[in-house]
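Here is the structure we will look at, set down as C-alpha cells.
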Amino acid sequence: MSFRIATFNLENLYARFDFLGHVGRMQRVLGAYAIRDRREYEAARMSFEAMASDDMRQLTALAIAATRADILCVQEVDSAEALDLFYEAYLKPVLQQAFAAATKHMDAAERAAAAPNFYYAHRHVGSGNDSRGIDVGVLARRPFKATSHAALTYDFIADAPLDWTALAPLRGQRVFKRDCLMVETKIDGAPLTLFVCHFKSMQPSSEDSDGRAKTLDARLAEVWAVRRLIERRFGTGTPAANWAVCGDFNDYLSLDGAPVRHSALAPLFADGFSVNVVERLPLDERWTSYDPEADAHVQLDYICLSPALAAANPGALPEIERRGLAWRVPRIADGPRFPRIGWDRPKASDHCPLTIELTAP
Numbered sequence: 217m218s219f220r221i222a223t224f225n226l227e228n229l230y231a232r233f234d235f236l237g238h239v240g241r242m243q244r245v246l247g248a249y250a251i252r253d254r255r256e257y258e259a260a261r262m263s264f265e266a267m268a269s270d271d272m273r274q275l276t277a278l279a280i281a282a283t284r285a286d287i288l289c290v291q292e293v294d295s296a297e298a299l300d301l302f303y304e305a306y307l308k309p310v311l312q313q314a315f316a317a318a319t320k321h322m323d324a325a326e327r328a329a330a331a332p333n334f335y336y337a338h339r340h341v342g343s344g345n346d347s348r349g350i351d352v353g354v355l356a357r358r359p360f361k362a363t364s365h366a367a368l369t370y371d372f373i374a375d376a377p378l379d380w381t382a383l384a385p386l387r388g389q390r391v392f393k394r395d396c397l398m399v400e401t402k403i404d405g406a407p408l409t410l411f412v413c414h415f416k417s418m419q420p421s422s423e424d425s426d427g428r429a430k431t432l433d434a435r436l437a438e439v440w441a442v443r444r445l446i447e448r449r450f451g452t453g454t455p456a457a458n459w460a461v462c463g464d465f466n467d468y469l470s471l472d473g474a475p476v477r478h479s480a481l482a483p484l485f486a487d488g489f490s491v492n493v494v495e496r497l498p499l500d501e502r503w504t505s506y507d508p509e510a511d512a513h514v515q516l517d518y519i520c521l522s523p524a525l526a527a528a529n530p531g532a533l534p535e536i537e538r539r540g541l542a543w544r545v546p547r548i549a550d551g552p553r554f555p556r557i558g559w560d561r562p563k564a565s566d567h568c569p570l571t572i573e574l575t576a577p
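Using this note's numbering, the first residue of the sequence shown is number 217, and each one after it goes up by one.
See below:
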C-alpha cells in the first residue's frame, strides 16, 4: 500500500493577534492610511488582519488539499488551538467537497469506510522554544504517537564536530530553536518514523550582515542533534529502518540551481545518511521558496528518506505545489495559480508544500 508524506510551512498560522515589532516597522500604517492613535490602530489592525487572514487561509487550505497527503508535517503553527481552528474553518470544507465528489455514488457503508482516507482526524502541535510561539505539528489520517525533543540541550551533541568556540555562549541552552517532533506510526503494519523540524532562520541580526553565515553554527548544531536522535532511536539498524526527516530547514544546498560550498545541512547527507528526494528533480525544479531580496529560488523545505526507504522507492518523484505562491515569483510568472492569488498577497504561504508517494518496506 502506498502512502503520501508532505511538509508545508504555513507561514504564521496564528490564533492570536501578535503585532510586536511589526507595529513599529509599519509605523501604524494600514493600506494607504496612517493611524496615529495606538488604540485605534490596534483595533483597525485586528480587523485588517482578520480579513487578510481569511483570504490567505482559504488558499493555504487549497494548497494542503492538493497534496492529498496521508501525513502532513507543518511548521509555523502557534498552537493546537490554531491548527484545530484552521482545520475546521478552512481545510475541512475543502476536504468535504472532495469527499462528496468522490463518494456520491457510494452507499452509506461505503462512504463511512472511505471517510478516513479524506480527513485529518489526528492532529498534534508541540510546544517548542520559539520566542514568537511558532511550533511544528502534524496532521494525519491514521493514529500516531508524537514525542517532543524541545528540551534537549547542546550537551546532547557534545561529541559532534562543531565550532565549540563559537557555540560556547550557548552551552547548556536548548539546541532546537523550535523542536524536533518524532512521529511514529504504521503503514500496513510496517513501522514509519518521521522527524519534523523547523531549523534556525537565516535572518540577519543587522541589515549589513550575512544572516545565513551568522546563523550557520546554530543551524548546524540542530542538524547534528537530529542525526544523533535518529542514530539513538535505531542504532546499528539506522540505514535499514523506515524513517524520514521533514520540514523547513532554513538552508539550501544550491542557489538558483548552482551548488553552494557550505551548508548547515551537510551532516544529514554525509556518508549516504539520508536521501534528499528533491535532488531527483531537474536542477531548475529544485526549489520550494523564492527570496525576493536576493531574487533567488531555493529549496528550504525537505523530505529526507532513510537509505532503506529511498531504495524501496527508486522511482518516486517529489511533487512541489506552486499554485499558492504569489504572482511576483518570476520563475513561474505565467504559471497556474489558485483563485484570488495576489502579486505579493494574498497567497497560500511563502513556501510550497512538498509531497512524495512511497511504499514502506
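Don't be surprised by glycine CBs; every beta carbon is placed ideally from N, CA and C.
Same chain, Cβ closer than 8 Å to residue i, five either side skipped, listed in chain order
i	result
residue 552	539
residue 322	330
residue 574	218, 219, 220, 221, 521, 525, 528, 529 and 532
Same chain only: Cβ atoms within 6 Å of residue i, ignoring 5 sequence neighbours per side
i	result
residue 533	496
residue 569	222, 224, 279, 283 and 537
residue 450	457
residue 564	275, 276, 279 and 540
residue 376	440
Cβ neighbour criterion (16 or more within 10 Å) applied to residue i
i	result
residue 419	exposed
residue 488	exposed
residue 249	exposed
residue 571	buried
residue 545	buried
residue 476	exposed
residue 448	exposed
residue 514	buried
residue 463	buried
residue 333	exposed
residue 428	buried
residue 245	exposed
residue 256	exposed
residue 535	buried
residue 254	exposed
Own chain partners of residue i with C-beta closer than 7 Å, once the 5 adjacent residues on each side are dropped
i	result
residue 499	473
residue 381	none
residue 490	461, 484, 520, 521 and 522
residue 373	391, 437, 440, 441 and 444
residue 446	411, 454 and 459
residue 542	557, 558, 559, 560, 561 and 563
residue 230	294 and 298
residue 311	281, 334 and 335
residue 368	390, 391, 392 and 441
First and last residue of the uninterrupted beta strand (DSSP E) at residue i
i	result
residue 389	Run containing residue 389: none; DSSP gives neither H nor E here.
residue 297	Per DSSP, residue 297 belongs to no beta strand (DSSP E); it is in the alpha helix (DSSP H), 296 to 302.
residue 574	570 to 575
residue 362	361 to 363
residue 383	Element bounds for residue 383: not the beta strand (DSSP E) but the alpha helix (DSSP H), 380 to 383.
residue 404	Note, residue 404: premise wrong, no beta strand (DSSP E); not H, not E.
residue 223	218 to 229
residue 459	459 to 464
Residue i - containing alpha helix (DSSP H), residue span
i	result
residue 291	Here residue 291 belongs to no alpha helix (DSSP H); instead the beta strand (DSSP E) covers 287 to 293.
residue 430	427 to 450
residue 356	Here residue 356 belongs to no alpha helix (DSSP H); instead the beta strand (DSSP E) covers 351 to 356.
Note to self: In chain order, what are the residue ranges of uninterrupted beta strand (DSSP E) at least 3 long that sit wholly in the stretch 484 to 523?
What the structure shows: The stretch 484 to 523 contains these whole beta strand (DSSP E) runs: 505 to 507, 512 to 514 and 517 to 521.
Check: If we count Cβ pairs, one from each stretch, closer than 8 Å, do we get three or more for the stretch 502 to 511 versus the stretch 439 to 456?
Finding: They do not touch, by the three-pair rule.
Check: Within the chosen definition, does the stretch 389 to 401 reach the stretch 433 to 447 through at least 3 CB pairs nearer than 8 Å?
Finding: Yes: at least three Cβ pairs fall under 8 Å.
Margin query: Please give the ranges of any alpha helix (DSSP H) in the stretch 305 to 341, keeping only runs that are unbroken, at least 4 residues long and fully inside the region.
Written below: Secondary structure in the stretch 305 to 341: the alpha helix (DSSP H) runs of 4 residues or longer, each lying completely within the stretch, are 308 to 319 and 324 to 330 in chain order.
Next item on the list: Take every Cβ of the stretch 356 to 364, pair it with every Cβ of the stretch 334 to 346, and state whether three or more of those distances are shorter than 8 Å.
Entry: As far as the Cβ criterion goes, the stretch 356 to 364 touches the stretch 334 to 346, which means the pair count is three or higher.
Notebook entry, point to check: Should the stretch 393 to 408 be called in touch with the stretch 312 to 328, which here means at least 3 C-beta pairs below 8 Å?
Noted result: Counting Cβ pairs under 8 Å, fewer than three are found: no touch.
Check: Per the contact definition of three or more C-beta pairs closer than 8 Å, is the stretch 289 to 309 in contact with the stretch 346 to 354?
Finding: A contact between stretches requires three or more CB pairs, one per stretch, nearer than 8 Å, and the stretch 346 to 354 meets this requirement with the stretch 289 to 309.
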